[in-house]
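Below is one structure, written out as structure tokens, with a few remarks after it.
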Amino acid sequence: MLQSEITSPAQPGDRIRLPVFPRLLLSAGVAFVLCLLAKLISADASGLLLIWPCAGVAFAFAWRYGLRWVVPPAAGGALWAWLEFDTPGATAGVFVASAVGPAAAVALLHRLNDWKPADYRLEAAVRLVGAVVLLAAPIDALLATIGLQLNGLVADVHPAHQFMVWWLIDALGILLIAPALLAWAGDAVPAPTGAGTGRPQPPLLDAPAFLLTLLVVGTSLMVSTFGHPSYAYALMFLYFPIVAWTAIRMSERATALSLVVTTVPLLVARAHQVGQAHDDFFRALEASVLAFSAIIVAFMLQAIAADRRLALARVAQQARQDMSTGLLNDRGLIAEIGERLALPTRPHYGLIGMHLSNFDTLNDLCGTMQALQLEQSAAQMLMAQPGAQAAARLSAGRFALLIEAESVAQVRAVAREIYSQLNGQLFKTEHGSVRLQLCVGGLLIDQHALINSEDCLMSLSDAMTIAASVRDPQLFVEPLSQTMIDARRAHQGKIEHIREAIREKRFELHAQPMIDPDAPPGMLSYEVLIRLLDRDGGLIRPPEFLSLAVQAQMTPMMDRGVIRWIFSWLAEHPDALARTWKCSINLSGLTMSDGTIAGFIREQRALYDIPAEKIVFEITESEAIRNPGAASRLVDDLKAEGFGIALDDFGTGLATFEYLKRFPLDYLKIDGSFIRNLVSNPIDEEIVLSTVRVARRLNIRTVAEHVHNQFTLDRLTEIGIDHVQGDLIGAAAPIAQLFAEPPVRATRAPL
Numbered sequence: 005m006l007q008s009e010i011t012s013p014a015q016p017g018d019r020i021r022l023p024v025f026p027r028l029l030l031s032a033g034v035a036f037v038l039c040l041l042a043k044l045i046s047a048d049a050s051g052l053l054l055i056w057p058c059a060g061v062a063f064a065f066a067w068r069y070g071l072r073w074v075v076p077p078a079a080g081g082a083l084w085a086w087l088e089f090d091t092p093g094a095t096a097g098v099f100v101a102s103a104v105g106p107a108a109a110v111a112l113l114h115r116l117n118d119w120k121p122a123d124y125r126l127e128a129a130v131r132l133v134g135a136v137v138l139l140a141a142p143i144d145a146l147l148a149t150i151g152l153q154l155n156g157l158v159a160d161v162h163p164a165h166q167f168m169v170w171w172l173i174d175a176l177g178i179l180l181i182a183p184a185l186l187a188w189a190g191d192a193v194p195a196p197t198g199a200g201t202g203r204p205q206p207p208l209l210d211a212p213a214f215l216l217t218l219l220v221v222g223t224s225l226m227v228s229t230f231g232h233p234s235y236a237y238a239l240m241f242l243y244f245p246i247v248a249w250t251a252i253r254m255s256e257r258a259t260a261l262s263l264v265v266t267t268v269p270l271l272v273a274r275a276h277q278v279g280q281a282h283d284d285f286f287r288a289l290e291a292s293v294l295a296f297s298a299i300i301v302a303f304m305l306q307a308i309a310a311d312r313r314l315a316l317a318r319v320a321q322q323a324r325q326d327m328s329t330g331l332l333n334d335r336g337l338i339a340e341i342g343e344r345l346a347l348p349t350r351p352h353y354g355l356i357g358m359h360l361s362n363f364d365t366l367n368d369l370c371g372t373m374q375a376l377q378l379e380q381s382a383a384q385m386l387m388a389q390p391g392a393q394a395a396a397r398l399s400a401g402r403f404a405l406l407i408e409a410e411s412v413a414q415v416r417a418v419a420r421e422i423y424s425q426l427n428g429q430l431f432k433t434e435h436g437s438v439r440l441q442l443c444v445g446g447l448l449i450d451q452h453a454l455i456n457s458e459d460c461l462m463s464l465s466d467a468m469t470i471a472a473s474v475r476d477p478q479l480f481v482e483p484l485s486q487t488m489i490d491a492r493r494a495h496q497g498k499i500e501h502i503r504e505a506i507r508e509k510r511f512e513l514h515a516q517p518m519i520d521p522d523a524p525p526g527m528l529s530y531e532v533l534i535r536l537l538d539r540d541g542g543l544i545r546p547p548e549f550l551s552l553a554v555q556a557q558m559t560p561m562m563d564r565g566v567i568r569w570i571f572s573w574l575a576e577h578p579d580a581l582a583r584t585w586k587c588s589i590n591l592s593g594l595t596m597s598d599g600t601i602a603g604f605i606r607e608q609r610a611l612y613d614i615p616a617e618k619i620v621f622e623i624t625e626s627e628a629i630r631n632p633g634a635a636s637r638l639v640d641d642l643k644a645e646g647f648g649i650a651l652d653d654f655g656t657g658l659a660t661f662e663y664l665k666r667f668p669l670d671y672l673k674i675d676g677s678f679i680r681n682l683v684s685n686p687i688d689e690e691i692v693l694s695t696v697r698v699a700r701r702l703n704i705r706t707v708a709e710h711v712h713n714q715f716t717l718d719r720l721t722e723i724g725i726d727h728v729q730g731d732l733i734g735a736a737a738p739i740a741q742l743f744a745e746p747p748v749r750a751t752r753a754p755l
């Protein structure tokens, strides 16, 4: 409605502007015709006008074209007054009363906008209603009362009553007619860019509300004819929920026009009822009061609904758009691709991913603002590529571009162009310069492929991973076949299966014994191993789920479940706890990075009263190298509680012996890849010998994993490794079975 016009006044060129003379005739003619219609509507209301439309026309033209344009509509109203009253005084009074009030209100609103534009539609609506009701209408009412009193046209009406009547009908005319005229003039606005794309245009009128209003009016008239005027008037209050329904659902333009077409029947019906009952004309004002109140309600509800829609639109835009570059974000790209893939006839699409590999270095060296400028330049470059449909910033230094492409060669050509424009370029700032490093991956999405947007982004991530692994140029583009899609979905299904099993705690614990020369007779040392269960209760072997659990980022939950389960099981089986010398539990890399895991272990140990010296936690060498800070903090916390610490899979992470000095270890488990071929491979033997010598110097016990034959065991004994674990010593079995039957111990060769 008009509050949107007040929030952002029209600029030249916003509307198709008529030449001055036709506009003069139009404004005066509209005012004259509306005055005739107002008289026609109010014919049976004891000679009283139920609405004064001339002020509304003057307000609309003054707002759109300037204050001097109150004159032509006022002249049109004066012409009607000349024909109606045939007196110069009444004509002059109507002219002045139709021009001064709207001009004052428009001037006030412009001053308010210049001082502080309205931030919300509700604020604009309150300003409009206040300017009309408290300024325009009182001024017009005062001038009209003076003019009519001087000419003796309504001598039988008290001036105060006459003032209040004119105040009401003038405010009603402005609030009803001005928004409708401005909304109607909006039909002349040229179609915005993107119009005609098949999206339905919003309706100009609320047809259901109009029909409901006719139903209410018809029912009221029928009740009135049966001699129940009070009930007939009460029925008209059903107009309020109709107006509220319209204001909440419809656009501002549709609400403004719908108010006119629904208010007119209401006024006509009430004028007819009053005329039939021969009541005084003050009873006729009941319809004007009702309409005026309904319009105020509509203004406020429309403003609130518009503000809510605007807020939701802004939130939706922020949810889909990257604010720093103006591109889409990852959610926006997923939605955009999904919408395009859902089209019944879609072309082939190319999806290209770009990663500035050294963006973090650039950000640290050159600063955040320079890095942001680089990303903005990269965004502009992406959108300038041929066939570009949408682009997104996925994360810092990572972008994606959606293009129309007919072949892999076309996608590769665009990818090469992007690569050539950025890779190797020297980015200079006042703080330093960095040569950009880029990797680009791309896909061709066939128009017949049964794929969704998530599959596209996951496949693009795979292509970018491959691109990052190849030599210069780090560029990889491939067609996205249905076979690849099915394979990825199957892989994702396995991940979801593993995630579901861990979440539902569908696992059981096995234990593998080890030879521990430190263990007293009758005591057992063993490593706890997890086995997941499928939906049918079958075992899922570790090679099938460990890597998937890492991808699903479920290993912290899995490790916590193992710790809780083994502690509770040992507490429930005191005999097994008494026979336990060392119980080894593995911790994954993600668990090591969890700052709360040490506290969790402490709580579980205290809850089940498990002696800390019986528990050894194994951390993986590669994960300790990847995050040495977190590993060091965890080791210190666990050692402070009295737990043992073992470094697992030693040798696979290409670590130096420096890490053996950094961590206060109790055990060093040599990876099985060096043990299997110990007897036949001199290099493996030398690595093991070196590890044992260093471990002895550091007073760390060494453990050999994956000992599967007697020859290997004998050689380990010669080397001096006494802690041994493997199938030769005992295969992994349910933990209860380990304590039910003592493990078979291999025979050692004499030293």
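All residue numbers for the sequence shown refer to this note's numbering, where the first residue is 5 and numbers rise by one. Heads up, the beta-carbon is just placed ideally off N, CA and C, and yes, glycines get one too. Values in this document were obtained by computation on a predicted structure and should not be read as measured data.
- When only Cα atoms are considered, residue 399 and residue 243 end up about 53 Å apart.
- DSSP, read as helix, strand or coil, puts residue 124 in coil.
- Within 10 angstroms of the beta-carbon of residue 329 lie 16 or more other beta-carbons, which makes it buried.
- Listed in chain order, the alpha helix (DSSP H) elements of length 4 or more contained wholly in the region 582-669 are 593-596, 601-612, 625-630, 632-645, 662-666.
- In the assembly as shown, residue 427 is a buried residue. Its beta-carbon has 16 or more other beta-carbons within 10 Å.
- Residue 673 counts as buried, since no fewer than 16 other beta carbons sit within 10 angstroms of its beta carbon.
- Distances from the CA of residue 651 to each of 509, 237, 208, 622 were compared; the closest alpha carbon is that of 622.
- Here residue 392 is bridged, per DSSP, to 407.
- DSSP places residue 43 within a helical segment (H, G or I) once states are collapsed to three.
- For a cut-off of 8 Å, the C-beta gap from residue 54 to residue 271 is around 5 Å, short enough to register as a contact.
- Residue 118 and residue 112 have their C-alpha atoms some 10 Å from each other.
- In this structure residue 213 touches residue 262 by the C-beta definition: roughly 6 Å separates them, less than 8 Å.
- Residue nearest to residue 582 within the set 569, 589, 528, 558 is 528 (criterion: CA-CA distance).
- Shown here, residue 230 sits in coil according to DSSP, grouped into three states, outside any helix or strand.
- Ranked by Cα distance from residue 665, the options 699, 147, 79 are led by 699.
- Per DSSP, the continuous alpha helix (DSSP H) segment holding residue 103 begins and ends at 92-119.
- In the DSSP assignment, residue 516 falls within the beta strand (DSSP E) that extends over 511-519.
- As computed with DSSP, residue 332 is found in a beta bridge with 325, 396.
- A direct Cα-to-Cα measurement between residue 98 and residue 332 gives close to 58 Å.
- DSSP places residue 714 within a helical segment (H, G or I) once states are collapsed to three.
- Under the criterion of beta carbons closer than 8 Å, residue 606 and residue 645 qualify as touching, at roughly 6 Å.
- Sorting 44, 305, 718 by C-alpha distance to the C-alpha of residue 127 places 305 at the top.
- Excluding the 5 residues flanking it on each side, residue 443 has same chain C-beta neighbours closer than 7 Å at 359, 361, 468, 471, 472, 478, in chain order.
- Comparing alpha-carbon positions, the option among 685, 429, 684, 708 lying closest to residue 695 turns out to be 708.
- Residue state for residue 451 is assigned as coil, using DSSP reduced to three classes.
- By the CB criterion at 8 Å, residue 340 and residue 404 fall outside the cutoff.
- Spatial neighbours of residue 237 in its own chain (CB-CB distance under 7 Å, excluding positions within 5 residues in sequence) are listed in chain order as 290.
- Residues 492, 496 of the same chain have their beta carbon placed closer than 8 Å to that of residue 462, with the five preceding and five following residues left out of the count.
- With fewer than 16 other CB atoms across the displayed protein chains lying within 10 angstroms of its CB, residue 364 is exposed.
- Counting along the chain, the unbroken beta strand (DSSP E) around residue 354 starts and ends at 353-360.
- With at least 16 other beta carbons inside 10 angstroms of its own, residue 518 counts as buried.
- Here DSSP, grouped into helix, strand and coil, assigns residue 255 to coil.
- Put simply, the backbone Cα of residue 548 is about 43 Å away from that of residue 378.
- Distance between residue 29 and residue 35, taken at the CA atoms: about 10 Å.
- Beyond the five residues adjoining it in sequence on each side, residue 45 comes within less than 8 Å, by CB distance, of 54, 55, 268, 271, 272, 275 in the same chain, given in chain order.
- Inter-residue distance for residue 466 and residue 456 is about 16 Å (C-alpha atoms, whole angstroms).
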